[in-house]
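Residue numbers (the working numbering): 84 to 680.
Every residue gets a Cβ at the ideal spot worked out from N, C-alpha and C, and that includes glycine.
Predicted model, so just to flag it, every value in this text is computed and none were measured.
Structure first, then comments.
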Amino acid sequence: MKTYKTLGVITLLFFVLAGCVPAADTPVTLEYVLTTDMRDGKFVFVGVNGDINGVTNPTLHAKPGERMTVYLVNSGWGTHDIAFSDLNANSGKIKKQGETASVTFTVPDKETSLEYYDTSFKKLGMYGTLLVSNAKPKPETTTVESTTASGNIVEYTLVSDLSDGKMVFVGKGGDIDGQVNPDLKAGLGDTVRIHLSSGEGAMHNLYIDEFNAHSADFMGADQVTLEFVADKEGSFTYYCAIPGHRQIGMAGTFIVGSGVANPQASGGNLNASPSQQVVSAGPADPNAADIILHPANIPAPVGNRGPEKVVVELETVELTGKLADGTTFKYWTFNGTVPGPFIRVRTGDTVEVHLKNLPDSMMAHSVDFHAVTGPGGGAVVTQTMPGDETMFTFKALNPGLYVYHCATPMVAHHIANGMYGLILVEPEGGLPPVDREFYVMQGELYTAQPYGTSGMLTDDVTKLLNENPEYFVFNGAAMGLTSEEHMLRANVGETVRIFFGVGGPNFTSSFHVIGEIFDRVYDQASITSSPLTDVQTTLVPPGGATMVEFKLDVPGRYILVDHALSRLERGLAAFLMVEGDPNLEIFDGTVTPGSGH
84 MKTYKTLGVI TLLFFVLAGC VPAADTPVTL EYVLTTDMRD GKFVFVGVNG DINGVTNPTL
144 HAKPGERMTV YLVNSGWGTH DIAFSDLNAN SGKIKKQGET ASVTFTVPDK ETSLEYYDTS
204 FKKLGMYGTL LVSNAKPKPE TTTVESTTAS GNIVEYTLVS DLSDGKMVFV GKGGDIDGQV
264 NPDLKAGLGD TVRIHLSSGE GAMHNLYIDE FNAHSADFMG ADQVTLEFVA DKEGSFTYYC
324 AIPGHRQIGM AGTFIVGSGV ANPQASGGNL NASPSQQVVS AGPADPNAAD IILHPANIPA
384 PVGNRGPEKV VVELETVELT GKLADGTTFK YWTFNGTVPG PFIRVRTGDT VEVHLKNLPD
444 SMMAHSVDFH AVTGPGGGAV VTQTMPGDET MFTFKALNPG LYVYHCATPM VAHHIANGMY
504 GLILVEPEGG LPPVDREFYV MQGELYTAQP YGTSGMLTDD VTKLLNENPE YFVFNGAAMG
564 LTSEEHMLRA NVGETVRIFF GVGGPNFTSS FHVIGEIFDR VYDQASITSS PLTDVQTTLV
624 PPGGATMVEF KLDVPGRYIL VDHALSRLER GLAAFLMVEG DPNLEIFDGT VTPGSGH
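See the structure below:
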């Protein structure tokens, strides 16, 4: 067994821990070391030191009033703790293999029998007894809490996985072994236990609404068990309630008794909101990050160099960011900003992409470069689990300005939460020089709360599927590029170039700069074609881009918009502040109030 292979290491760890006992008024005179294991399909504690070495759920002994410490070492079977509830003593959770926790307490000054257990896995066998003095063990009681159970105990094991571009549950063991979203069956009155773990590392859970059966969230090495009584007959839907997961495949059927259709079953409308009521916002996170990528944060032009190898380092970062004043949102990002970093290469370069998914992520992530010639734009080789890293290379064959984005199911969900950016493949010899370059991307946010709500907002997959966004944003935040810190800045007489893309995931942009005319528009970001000239507004589809250039002749504040101007009222605007002397031959007038410009 796994535990016996590690007992030697754990025993050595015990001697190290012996010198680390916390100070107390009464010295610690008794110490036990336990580890975790799975035996005969059950989670158990296993003794390590002294007379309990190798004993499953050992009985611990103490004298009245004695001060004792119990150490717990995680052998790798999920997340665990050890609790002595009668003494209000708990070690705290340990998640990783080899991680250690301890609990120190004073034994009651009387003869008694106390229970210790794992707060998550007691029902699966992780419990034992502490006997004080000559106390006798209490009679063992059932761990099934419901008094309505009258049938058998039915157990299933499901593991999350990715299959054919979808997230799914896969059966493990028994008749459902290897089946995708298998039918789970029980008799009326049966006690049902569903053991759950994450096969690909992302966060999941399992809900069956009709039985008020909701598992804890699990991810990585976590293992959780959902237990309930099947007290009504019919066919019901089990599903993952993490936003977006049910819609992309994590749902199956739970059949009780005859399986006669139940009109109240939850399987009817996958796009229905869990509640018709407006979801309340939590308090805004005072430590929320600035996720806006400054529009001037662009690498220098490639210039007239030959092809070479370029290494691109991307990290997928899930973090709480500032959406608006007093409003925060949980973004999924590349490198902690929206959009992700501007990547600049030239035709003929070999690009080596490293994608690292941070260990605290809840989701798997990937990257699809529209500049890549190859399956999935790289997404098929970069499905990266939390804590992992992937790598691939591609040859930049075609010059142009291309979108990149996360392509992990549900792809639209990952994009809407901020996972998009631009990569520029310059032609041989580079681009013509300009005085200033800017990087702006348009996206949508689908929040459960209405536009303008203060506090911590949450995403809403139903609105996403219905293409009903609450926010339209440039560079991730509502009116984010209108602040002194983030606005675009240039001077009269300079030529500017804007690399503009639409992450989306759903809406086309009618890109326009109020008060300017684009001298050159490289339509659809085809930078080797002759540009359109003297253009007022240019269309950019989701997943598309453009490059525009114009000379600044008159000082003032110019507003970047999508000329579907209702979107301005949902946060979509950016300022280009131009400094310099007036040019009265081109523009002369007295500013009047009320224009909003």
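If we ignore side chains and look at the alpha-carbon of each, how far apart do residue i and residue j end up?
{"i": "Asp247", "j": "Asp373", "result": "36 Å"}
{"i": "Lys85", "j": "Asn157", "result": "Model confidence at Lys85 stands at a pLDDT of 38, short of 50, so the residue's coordinates are unreliable; what they give is reported in the following sentence. When rounded, the distance between both Cα atoms is 11 Å."}
{"i": "Asn136", "j": "Gly130", "result": "5 Å"}
{"i": "Val450", "j": "Pro458", "result": "12 Å"}
{"i": "Arg640", "j": "Ala296", "result": "56 Å"}
{"i": "Gly460", "j": "Ser281", "result": "26 Å"}
{"i": "Thr611", "j": "Gly512", "result": "12 Å"}
{"i": "Ser592", "j": "Gln525", "result": "8 Å"}
{"i": "Phe594", "j": "Val312", "result": "57 Å"}
{"i": "Thr202", "j": "Ile165", "result": "7 Å"}
{"i": "Val661", "j": "Glu283", "result": "50 Å"}
{"i": "Arg519", "j": "Ser613", "result": "21 Å"}
{"i": "Thr473", "j": "Met286", "result": "19 Å"}
{"i": "Ile93", "j": "Pro191", "result": "Note that Ile93 scores 43 on pLDDT, short of 50, meaning its location in the model is unreliable; the coordinates nonetheless yield the value given after this. Going from the Cα of Ile93 to the Cα of Pro191 covers about 29 Å."}
{"i": "Tyr199", "j": "Glu114", "result": "15 Å"}
{"i": "Pro105", "j": "Thr187", "result": "With a pLDDT of 43 at Pro105, under the threshold of 50, the modelled position of that residue is not reliable, and no figure is offered here."}
{"i": "His144", "j": "Ser298", "result": "35 Å"}
{"i": "Val227", "j": "Val153", "result": "Low confidence applies here, because Val227 scores a pLDDT of 35, under 50, leaving its location unreliable; read the following figure in that light. Each residue's alpha carbon lies about 27 Å from the other."}
{"i": "Cys55", "j": "Met468", "result": "No statement about residue 55 is possible, as the shown extent of the chain runs from 84 to 680 and does not include it."}
{"i": "Phe583", "j": "Gly504", "result": "10 Å"}
Check whether the Cβ atoms of residue i and residue j lie closer than 7 Å to each other.
{"i": "Pro390", "j": "Asp432", "result": "yes"}
{"i": "Pro588", "j": "Ala495", "result": "yes"}
{"i": "Val631", "j": "Ile581", "result": "yes"}
{"i": "Gly419", "j": "Val395", "result": "no"}
{"i": "Leu484", "j": "Leu507", "result": "yes"}
{"i": "Ile381", "j": "His569", "result": "no"}
{"i": "Gly340", "j": "Glu310", "result": "no"}
{"i": "Thr629", "j": "Thr621", "result": "yes"}
{"i": "Met250", "j": "Gly332", "result": "yes"}
{"i": "Tyr290", "j": "Leu267", "result": "no"}
{"i": "Lys546", "j": "Tyr529", "result": "yes"}
{"i": "Met493", "j": "Gly327", "result": "yes"}
{"i": "Leu540", "j": "Phe412", "result": "yes"}
{"i": "Asn217", "j": "Asp273", "result": "no"}
{"i": "Gly501", "j": "Ala364", "result": "no"}
{"i": "Gly161", "j": "Gln306", "result": "yes"}
{"i": "Val428", "j": "Val436", "result": "no"}
{"i": "Val455", "j": "Phe477", "result": "yes"}
{"i": "Val618", "j": "Phe601", "result": "yes"}
{"i": "Gly254", "j": "Gln262", "result": "yes"}
So, with DSSP's three-state summary, where would you put residue i?
{"i": "Gln607", "result": "helix"}
{"i": "Leu719", "result": "Any answer about residue 719 is impossible in this case: the structure gives the chain only from 84 up to 680."}
{"i": "Asp617", "result": "strand"}
{"i": "Ser537", "result": "coil"}
{"i": "Ile426", "result": "strand"}
{"i": "Glu293", "result": "helix"}
{"i": "Lys249", "result": "strand"}
{"i": "Gly257", "result": "helix"}
{"i": "Arg388", "result": "coil"}
{"i": "Ile236", "result": "strand"}
{"i": "Val464", "result": "helix"}
{"i": "Ser649", "result": "helix"}
{"i": "Lys315", "result": "coil"}
{"i": "Lys413", "result": "strand"}
{"i": "Gly587", "result": "strand"}
{"i": "Asp134", "result": "helix"}
{"i": "Gly459", "result": "helix"}
{"i": "Lys268", "result": "strand"}
If residue i and residue j are in contact, beta carbons under 8 Å, what's the gap, nearest whole angstrom?
{"i": "Leu402", "j": "Thr416", "result": "7 Å"}
{"i": "His453", "j": "Val486", "result": "5 Å"}
{"i": "Asn549", "j": "Pro378", "result": "Not confirmed; about 31 Å, so no contact."}
{"i": "Phe555", "j": "Leu655", "result": "4 Å"}
{"i": "Val127", "j": "Asp120", "result": "6 Å"}
What first and last residue would you give for the beta strand (DSSP E) that runs through residue i?
{"i": "Val494", "result": "That residue, Val494, is in no beta strand (DSSP E); its alpha helix (DSSP H) goes 494-499."}
{"i": "Glu398", "result": "392-407"}
{"i": "Ser168", "result": "Neither: Ser168 is in no beta strand (DSSP E) and is coded neither H nor E."}
{"i": "Asn440", "result": "433-440"}
{"i": "Ser280", "result": "274-281"}
{"i": "Lys478", "result": "472-478"}
So, is the C-beta of residue i closer than 7 Å to a C-beta in chain D?
{"i": "Lys193", "result": "No chain D appears in the structure shown, which is made up of a single protein chain."}
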